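Chemist: Quick one: this structure, given as structure tokens, is what I'll be asking you about.
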Amino acid sequence: NAGVIQTPRHKVTGKGQEATLWCEPISGHSAVFWYRQTIVQGLEFLTYFRNQAPIDDSGMPKERFSAQMPNQSHSTLKIQSTQPQDSAVYLCASSSPGGETLYFGSGTRLTVL
Amino acid sequence: TQTVSQSDAHVTVFEGDSVELRCNYSYGGSIYLSWYIQHHGRGLQFLLKYYSGNPVVQGVNGFKAEFSKSDSSFHLRKASVHWSDSAVYFCAVRRNNNNAPRFGAGTKLSVKP
Numbered sequence: 001n002a003g004v005i006q007t008p009r010h011k012v013t014g015k016g017q018e019a020t021l022w023c024e025p026i027s028g029h030s031a032v033f034w035y036r037q038t039i040v041q042g043l044e045f046l047t048y049f050r051n052q053a054p055i056d057d058s059g060m061p062k063e064r065f066s067a068q069m070p071n072q073s074h075s076t077l078k079i080q081s082t083q084p085q086d087s088a089v090y091l092c093a094s095s096s097p098g099g100e101t102l103y104f105g106s107g108t109r110l111t112v113l
Numbered sequence: 114t115q116t117v118s119q120s121d122a123h124v125t126v127f128e129g130d131s132v133e134l135r136c137n138y139s140y141g142g143s144i145y146l147s148w149y150i151q152h153h154g155r156g157l158q159f160l161l162k163y164y165s166g167n168p169v170v171q172g173v174n175g176f177k178a179e180f181s182k183s184d185s186s187f188h189l190r191k192a193s194v195h196w197s198d199s200a201v202y203f204c205a206v207r208r209n210n211n212n213a214p215r216f217g218a219g220t221k222l223s224v225k226p
């Protein structure tokens with residue numbers, strides 16, 4: 001079991017560019033969560049999928065951010081026109097059907113110059 | 114909306130000391146409470162959880178937490194800490210499977226030799 005895999009580990013973009021972050025949940029897990037972590041804001045919830053369907057996206061910024069889960073083996077978080085304030089560590093987690101325990105990936109550190 | 118508060122940003126103890134990391138939540142209904150640990154540069158790892166039953170729950174590595182409905186608290190404790198326990202500890206609250214867990218700001222535990 002390789003755990004939750006997030007790629008890339010580090011991404012540097014210029015202001016205004018697009019960034020796509022990838023997450024591969026643990027095989028058999030039906031839920032995927034995205035969080036953003038910064039020193040100032042702490043761990044912020046972004047969005048949550050269950051069985052590939054969006055369940056709760058109340059944490060997603062209304063503009064520029066979107067997330068998808070096209071199949072059970074991966075989810076993507078896309079940020080259009082990145083801004084310096086988007087710089088953060090983006091964490092993905094998955095959980096088993098009916099399970100309460102979240103298993104986190106090591107995160108993608110996004111730096112927007 | 115469920116919220117969780119961790120009042121101590123930083124706690125420093127010596128190896129062998131006992132420690133209590135505080136967590137208070139605000140939500141009137143039944144909730145899932147959990148604790149996670151994050152070592153530097155890593156994703157979060159599950160420690161323990163509570164939903165119902167015995168208010169004292171045992172976790173990994175000698176950690177335990179006690180739920181108190183009257184105090185709206187779920188404090189984490191360890192009787193004798195080791196230097197390897199140095200990390201950031203997050204408390205999380207979750208209403209149900211249609212919501213994602215929300216995390217507190219975290220408490221950084223530093224264990225001195």
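One line per chain: the protein sequences are A and B, in this order.
Okay, so the first sequence: first residue is 1 according to our numbering, each after it adds one.
Okay, so the second sequence: first residue is 114 according to our numbering, each after it adds one.
Note that the Cβ used here is the ideal one computed from N, Cα and C, for glycine as well.
For clarity, every value in this text was computed on a predicted model and none was experimentally measured.
#1: Can you list, in chain order, the residues of its chain with a C-beta nearer than 7 angstroms to that of P61/A? Leave out the 5 residues immediately preceding and following it.
#2: Using a C-beta to C-beta distance shorter than 7 angstroms, which residues of chain E count as neighbours of F45/A?
#3: In whole angstroms, what is the alpha-carbon distance linking S27/A and L134/B?
#4: In chain order, what are the residue ranges of uninterrupted beta strand (DSSP E) at least 3 long that sit wholly in the stretch 131 to 201 of chain B?
#5: Please identify the residue among S183/B, G142/B, Y202/B whose C-alpha is closest to the C-alpha of H153/B.
#6: Which chain B residues sit within Cβ distance under 8 angstroms of E100/A?
#7: I need the DSSP call for Q37/A, collapsed to helix, strand or coil.
#8: Quick check: is the beta carbon of R171/B nearer than 9 angstroms to any beta carbon in chain A?
#9: Kindly list the residues whose CB is nearer than 6 angstroms to the CB of V132/B, restricted to its own chain and excluding five residues on each side of it in sequence; keep chain order.
#10: Alpha carbon to alpha carbon, how far is N174/B from R215/B? Give it in angstroms, no decimals.
#11: On a Cα-Cα basis, can you pick out the residue from D56/A, Q80/A, A2/A that is closest to Y35/A?
#12: Under DSSP, the beta strand (DSSP E) around T82/A begins and ends at which residues?
#13: Do W22/A and S75/A have their C-beta atoms closer together than 9 angstroms?
#14: Might you give, ordered along the chain, the residues of its own chain that have their beta carbon closer than 7 angstroms to the beta carbon of L91/A, omitting 5 neighbours on each side?
#15: Could you tell me the alpha carbon to alpha carbon distance between F176/B and K182/B, rounded to whole angstroms?
#16: By how many angstroms is the C-alpha of E63/A removed from the C-alpha of S239/B?
#17: Do you know whose CA, among L146/B, G172/B, S185/B, lies nearest C204/B's CA?
#18: Going along chain B in order, which residues have a C-beta closer than 8 angstroms to the C-beta of L91/A?
#19: State yes or no: is the C-beta of H29/A within less than 9 angstroms of the C-beta of P97/A?
#20: Could you pull out every residue in the same chain whose Cβ sits closer than 7 angstroms to the Cβ of H43/A, ignoring the five residues on either side in sequence?
#21: Under 9 angstroms, do N137/B and S120/B count as touching if we go by C-beta distance?
#22: Classify T82/A as buried or exposed, calling it buried when 16 or more other Cβ atoms lie within 10 Å of its own Cβ.
#23: What separation, rounded to the nearest whole angstrom, lies between the Cα atoms of F49/A and N167/B?
Modeler: In this structure, then:
#1: Taking the first residue of the first sequence as position 1, residue 61/A is located at position 61. Correct list: empty, nothing qualifies.
#2: No chain E appears in the structure shown, which is made up of the protein chains A and B.
#3: Walking along the first sequence from the start, residue 27/A turns up at place 27. Walking along the second sequence from the start, residue 134/B turns up at place 21. Their Cα atoms are separated by approximately 33 angstroms.
#4: 132 to 134, 137 to 139, 145 to 151, 158 to 163, 169 to 171, 177 to 181, 186 to 191
#5: On the second sequence, position 40 is the one that residue 153/B refers to. Measuring from the Cα of H153/B, the nearest candidate turns out to be Y202/B.
#6: Numbered from 1 along the first sequence, position 100 holds the residue referred to as residue 100/A. Under the 8 angstroms cutoff, chain B gives Y145, S147, K162, Y164, R207.
#7: Locating residue 37/A in the first sequence gives position 37, counting from the first residue. The answer is strand: DSSP assigns Q37/A an E or B state.
#8: On the second sequence, residue 171/B is found 58 positions in, with the first residue counted as 1. Correcting the residue type first, residue 171/B is Gln in the shown sequence and not Arg. Not closer than 9 angstroms to any Cβ of chain A, the Cβ of Q171/B fails to qualify, so no.
#9: In the second sequence, the residue the question calls residue 132/B occupies position 19. Once the five neighbours on either side are set aside, the close Cβ partners of V132/B are V126, K191, V194.
#10: Walking along the second sequence from the start, residue 215/B turns up at place 102. Walking along the second sequence from the start, residue 174/B turns up at place 61. Distance from the CA atom of R215/B to the CA atom of N174/B, rounded to whole angstroms, is 24 angstroms.
#11: Here residue 35/A refers to the residue found at position 35 of the first sequence. The shortest Cα separation from Y35/A among D56/A, Q80/A, A2/A belongs to D56/A.
#12: In the first sequence, the residue the question calls residue 82/A occupies position 82. No beta strand (DSSP E) contains T82/A, which DSSP labels as neither H nor E.
#13: The count along the first sequence starts at 1 and reaches residue 22/A at position 22. The count along the first sequence starts at 1 and reaches residue 75/A at position 75. In contact: W22/A and S75/A (Cβ atoms closer than 9 angstroms).
#14: For the purposes of this step, residue 91/A is taken as residue 91 along the first sequence, with counting starting at 1. These residues qualify, in order along the chain: Y35, Q37, F104, G105, G107.
#15: Within the second sequence, numbered from 1, the residue matching residue 176/B stands at position 63. Within the second sequence, numbered from 1, the residue matching residue 182/B stands at position 69. C-alpha separation (whole angstroms): 20 angstroms.
#16: The displayed coordinates of chain B run from 114 to 226. Any statement about residue 239/B would go beyond what the structure contains.
#17: For this step, residue 204/B is matched to residue 91 along the second sequence. Of L146/B, G172/B, S185/B, the residue nearest in Cα terms is L146/B.
#18: For the purposes of this step, residue 91/A is identified with residue 91 of the first sequence, where counting begins at 1. Contact note: L91/A reaches chain B through G156, L157, using a C-beta cutoff of 8 angstroms and chain order.
#19: As a working mapping, residue 29/A is identified with position 29 in the first sequence. As a working mapping, residue 97/A is identified with position 97 in the first sequence. Going by C-beta atoms, H29/A is nearer than 9 angstroms to P97/A.
#20: The residue you call residue 43/A lines up with position 43 of the first sequence. Looking at the sequence shown, residue 43/A is not His but Leu. Around L43/A: Y35, Q37.
#21: Taking the first residue of the second sequence as 1, we reach residue 137/B at position 24. Taking the first residue of the second sequence as 1, we reach residue 120/B at position 7. Taking 9 angstroms as the Cβ cut-off, N137/B and S120/B qualify as a contacting pair.
#22: On the first sequence, residue 82/A is found 82 positions in, with the first residue counted as 1. Classification of T82/A: buried, given that the 10 Å Cβ count is 16 or more.
#23: In the first sequence, residue 49/A corresponds to position 49, counting from 1. In the second sequence, residue 167/B corresponds to position 54, counting from 1. Approximately 31 angstroms, taken between the alpha carbons.
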